[in-house]
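Quick note on numbering: the first sequence equals residues 1 to 911 in full-length UniProt numbering. Take a look at the structure below.
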Amino acid sequence: MQQDPDVIARTAEELVGDLNPQQGEAVQYQGPALLIGAGAGSGKTRVLTRRIAWILSQFGAWPSQILAITFTNKAAAEMRERLATLIGPVAQRMWVSTFHSACVRILRRDGQSIGLKSGFSIYDSADSERLIKIIATEFNLDVKRYTPRSILGKISDLKNNLTGWQEYLAAHAPDFTPGQRGYQFGHAGDLEAIHAVLYAEYEHRLGLANAVDFDDLIGRTVELLRKDPQVADYYHHRFRYILVDEYQDTNHAQYVLVRELAGVDARESADATPGGNGRFAGKTGPAWITVVGDSDQSIYAFRGADIRNIQDFEQDFPNAKTIMLEQNYRSTQTILDAANAVITNNEGRKPKKLWTAMGKGEPIVGYAADNAQQEAAWVAGEIARLHAEEGIAYSDMAIMYRANAQSRSLEEALINGGEPYQLVGGTKFYERREVKDALAYLQALVNPDDDVNLRRILNVPKRGLGDRAEGILLNYAREHGASFFYALMHVDEIQDMPTRTANQLRAFRDLMASLSQFTRAHDAKPSEVVAEVLDKSGLRADLEKSVDPQDASRLENLSQLQSTAAEFEQKTPDATLAGFLETTALVADSDQLPDEGEDSGKVTLMTLHTAKGLEYPVVFLTGMEQGTFPHSRAMEDISELSEERRLAYVGITRAKRRLYVTRAAVRSQWGQASDMMPSQFLDEIPDELVDWKRREAGVERMRGAWGRDEFDDDFGGWDDDFSSGTTFGGSGSSYGSSYGSGSRYGSSYGSGSSSYGSGSRYGGSSRSGSGSYGGSSYGSGSSGRSYGSGSGSRSYGSSGSRYGSGSGSSYGSGRSGSGSSHGGTRGGKVTTRRVAPKSGGSSAQPVSSLDKDNQLNIADFSIGDKVTHDKFGLGTVVDLQDKGRNSVITVDFGSAGTKRLMLRVAPIEKL
DNA sequence: CATGATTAATTCGCT
DNA sequence: ATTAATCATG
């Protein structure tokens with residue numbers, strides 16, 4: 001067999017010459033099943049891409065014979081890109097894709113044989129939930145007790161385990177037939193019967209709507225491969241090498257899918273000979289499988305990932321080989337020691353120890369704050385310090401947390417500090433209401449059977465068609481055993497309808513009919529269809545006439561949807577509307593992550609889950625408290641706790657050079673403040689690795705003191721010190737040393753200058769706000785896309801940058817030229833709420849340029865000046881430190897003491 | 001049918 | 001605290 005001339009031939013030396021022995025072995029291994037146990041930062045993507053190149057150039061495989069599977073589109077794109085540099089543009093034609101998009105391709109091609117019509121809809125979880133809710137309501141179920149979400153969760157579990165509805169129904173509610181109306185449950189509490197009935201009915205409706213949900217993409221592909229030998233045979237011959245990334249995250253269905261695709265269990269074709277060697281390696285019999293993963297980084301069990309897939313790999317696949325990669329190229333030994341120490345506490349795990357040739361590096365820095373706000377302020381201060389003093393680019397720093405809700409205080413602190421940040425996660429672009437509305441129109445046009453989407457838009461924008469009208473159509477559809485769309489098209493035949501409703505319905509029918517016609521005529525131009533829909537439906541007009549400032553950004557999101565469609569149209573030769581909808585259905589959060597190496601000039605905020613696979617020179621792990629992390633719901637159960645620990649392991653190993661761990665003694669959630677114990681994971685990090693800047697929070701010292709009746713005054717409100725800048729001041733400050741010994745979190749009260757501590761017992765919540773955050777400037781999209789290219793951009797990267805990026809990212813200020821600028825360090829701030837889904841540059845969310853700056857400039861002060869402070873009163877300036885926007889002045893307030901104040905935020909006035 | 005008021009929920013989230 | 005969803009009312 002001849003090699004594809006398009007593939008750039010690579011010599012063995014080029015492919016493995018610069019790898020370590022284990023990596024090299026993994027790249028070259030010949031055999032039917034290979035598990036690469038890739039510890040964090042061990043160069044797994046590199047090995048995977050090299051192995052693919054090796055298979056092409058050394059085994060003589062054709063690009064079309066390879067299937068490489070990842071979990072995210074971003075990972076797929078990245079792998080494809082790295083492959084392209086290795087083997088050339090032919091990589092663009094290869095199947096390098098996610099599980100889901102590979103399945104879509106298969107189902108689009110061969111789905112007819114299991115009853116899927118082309119143009120089927122892909123429901124996201126919101127669509128699925130809506131459908132479940134519709135069904136549950138019809139069955140008169142108490143939606144409060146049986147939430148659509150929990151029902152869907154159960155259905156998802158069943159699907160992930162490939163339990164079909166037929167099977168489950170037979171076991172728990174054999175007297176129900178899908179499509180049957182007026183079914184009564186035997187007795188109210190039979191959860192399994194309810195699940196069985198809803199599962200069956202849900203599948204029935206999906207079928208009627210010619211739709212599949214995410215889990216179905218996998219499950220139905222498995223079904224297809226099992227039921228249709230011809231199709232199975234086709235893929236068995238087609239894919240000779242299957243490679244799966246992040247194997248520890250696969251669920252049972254995905255595991256079976258891989259087996260079916262590879263033909264591991266299939267009867268071998270007649271000409272099968274045992275997997276040979278040399279140039280014909282892997283060319284007969286089942287496809288050769290390579291999986292890469294790290295069981296210590298399995299953090300998606302809660303969503304069905306089955307860690308046994310990777311643990312039992314050697315038993316599952318005959319003649320399997322395991323190669324472990326334990327040399328880490330990312331982090332310092334200190335960081336790895338911490339990670340190893342933590343993960344060792346998990347039971348039943350294969351011992352594995354990461355090591356590095358990089359050296360010890362700096363100690364981990366710890367900090368115990370009084371509350372979440374102060375924790376955030378300290379982190380923001382430390383980031384400002386690292387940036388100003390050590391020249392570390394903002395984009396080289398990341399703040400991680402367990403739950404999205406924790407981002408709030410961090411965002412506020414960064415806004416206060418004028419530090420640019422971007423938040424990854426939260427609501428996805430394609431799940432935003434207005435975007436979903438527009439997409440629902442498109443979906444309904446492409447797939448008229450899609451009742452869920454059509455019903456969604458019936459009254460969007462408001463056109464006086466409510467539950468009544470919907471019910472009438474629904475009835476008609478049922479009577480005729482037809483779709484909702486069919487009913488709509490036949491409104492004229494429906495009797496006994498209020499004239500008003502009839503008129504509105506006819507108008508809507510005409511709208512859909514005309515849009516439908518337009519769609520057929522312009523199917524190859526999705527962007528034009530989008531424009532037509534936005535225009536004719538009134539979606540755009542509705543938002544345009546609105547005065548709600550939020551709607552401005554919604555409008556912008558719609559226009560971005562149109563741009564995305566245009567972009568899709570340009571880069572896709574045979575573009576169709578259905579094709580475009582597919583791309584929108586399968587994008588996820590992680591696709592929004594900034595590309596590696598790209599200097600966005602912003603600090604990145606994200607959850608630990610989102611952080612998997614990423615790395616940053618400086619990482620802050622915040623909220624290290626029992627109940628926060630590990631999460632309260634996971635603390636009881638040993639397996640859930642183990643997963644939390646793996647999450648901690650993932651978090652720690654994201655850091656390349658410096659790791660910070662912080663916690664808050666008091667955290668308020670759901671409006672209620674509660675005392676938080678330090679996370680057990682902190683205890684699991686060896687003490688000598690951590691340099692505690694503050695081991696115990698002020699309130700904790702007080703708690704101890706109260707207990708012993710020893711506390712006395714001298715507790716200023718924490719905000720006093722906060723503004724005075726102690727938190728970001730030079731190293732050490734006043735804590736640390738006094739807590740260095742003794743019990744780790746014991747009460748070492750009474751020692752040290754206790755300028756911390758809150759006056760009120762739970763000072764946190766009351767003092768949090770200063771209200772500048774919420775309504776006003778945050779959501780108002782008017783200033784829109786000014787950032788990134790706006791006027792008055794300033795360069796923030798200081799010289800001598802330690803971690804490269806000497807370019808010093810510049811970013812625009814929404815507020816051009818405000819305030820006098822000395823040394824070019826005063827400028828607007830940029831807060832990107834989310835990163836745009838794909839198209840370069842702009843974000844889907846508006847940007848705020850609010851500036852809490854007090855307009856004071858270091859240049860205007862000199863020693864001896866008199867100032868007044870909101871709390872301390874009159875004082876005299878005794879020292880000035882020009883650190884640009886983080887300038888500090890030291891003021892003697894007489895009886896109130898001498899304070900160091902961060903000029904930018906201090907509540908002072910020059911006299 | 002739309003609007004303001006009340007109530008309930010509320011980890012993480014690849015596709 | 002926040003927000004989404006539901007409920008009562010104009």
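Backbone N, C-alpha and C define an ideal beta-carbon position, used for all residues, glycine too.
Check                                                                                                         : Outcome
4-residue-minimum alpha helix (DSSP H) runs that sit fully inside the region 499-559, ordered along the chain : 499-521, 526-537, 539-544
Buried versus exposed, by CB contacts within 10 Å (16 or more), N340                                          : buried
First through last residue of the alpha helix (DSSP H) which encompasses T584                                 : 577-585
Pair within 9 Å by beta-carbon distance, S395 and R349                                                        : no
Three-state secondary structure (DSSP) of F120                                                                : coil
Segment contact flag, the region 607-624 with the region 398-408, C-beta cutoff 8 Å, min 3 pairs              : yes
D637 Cβ short of 8 Å to the ligand ZN heavy atom set                                                          : The model on display carries no ligand, and the ligand ZN is accordingly not part of it.
Which of helix, strand or coil DSSP assigns to D675                                                           : strand
Buried versus exposed, by CB contacts within 10 Å (16 or more), D175                                          : exposed
C-beta contact flag for N140 and S101 at 9 Å                                                                  : no
Three-state secondary structure (DSSP) of T825                                                                : Residue placement at T825 is poorly supported in this model, since its pLDDT is 25, which falls under 50; the coordinates are not used for a value here.
Of the listed residues L410, G417, R654, T576, nearest to H522 (C-alpha basis)                                : T576
Counterpart residues of L659 in DSSP-defined beta bridges                                                     : V619
Beta carbon of S537 nearer than 9 Å to that of Y441                                                           : yes
Identified DSSP bridge partners for S97                                                                       : I69
Test item: CB-CB of A368 and R695 under 9 Å                                                                   : yes
Spatially closest choice to Q406 from E625, D316, V365, R330, by CA coordinates                               : E625
CA-to-CA distance, R509 to F302, given in whole angstroms                                                     : 43 Å
At least 3 beta-carbon pairs within less than 8 Å: the region 407-419 vs the region 362-380                   : yes
Contact the region 11-27 vs the region 242-257: 3+ CB pairs below 8 Å                                         : no
Cβ distance (whole Å) where C103 is taken to contact T290 below 8 Å                                           : Not a contact, Cβ separation roughly 20 Å.
When G39, A697, D687 are compared against D675, the one with the closest alpha-carbon                         : A697
Span separating the alpha-carbon of L83 from that of L505                                                     : 53 Å
As assigned by DSSP and simplified to three states, the class of A697                                         : coil
Separation of V16 from K117, as counted between CA atoms                                                      : 46 Å
Pairwise C-alpha distance: R663 and L874                                                                      : 35 Å
Buried or exposed (CB count within 10 angstroms, at least 16 for buried), E138                                : exposed
Option in V529, Q672, R433, K656 with minimal Cα separation from L543                                         : R433
Cross-strand partners of residue 945 (DSSP beta bridge)                                                       : Residue 945 falls outside the range modelled here, since the chain spans only 1 to 911, and no answer is possible.
Nearest-angstrom Cα separation, counted from G417 out to G381                                                 : 7 Å
First and last residue of the uninterrupted beta strand (DSSP E) at K321                                      : 320-325
Neighbourhood of Y255 by C-beta, 6 Å cutoff - its chain only, sequence neighbours within 5 removed            : N309
Collapsed DSSP secondary structure at A444 in the structure displayed                                         : helix
Run of the beta strand (DSSP E) containing residue 912, from where it starts to where it stops                : Coverage of the chain is limited to positions 1 through 911, which leaves residue 912 absent and any answer about it impossible.
Uninterrupted alpha helix (DSSP H) stretches inside the region 137-171 (no shorter than 4 residues)           : 148-160
Presumed contact (8 Å Cβ cut-off) between F681 and R402, rounded CB distance                                  : Not a contact, Cβ separation roughly 11 Å.
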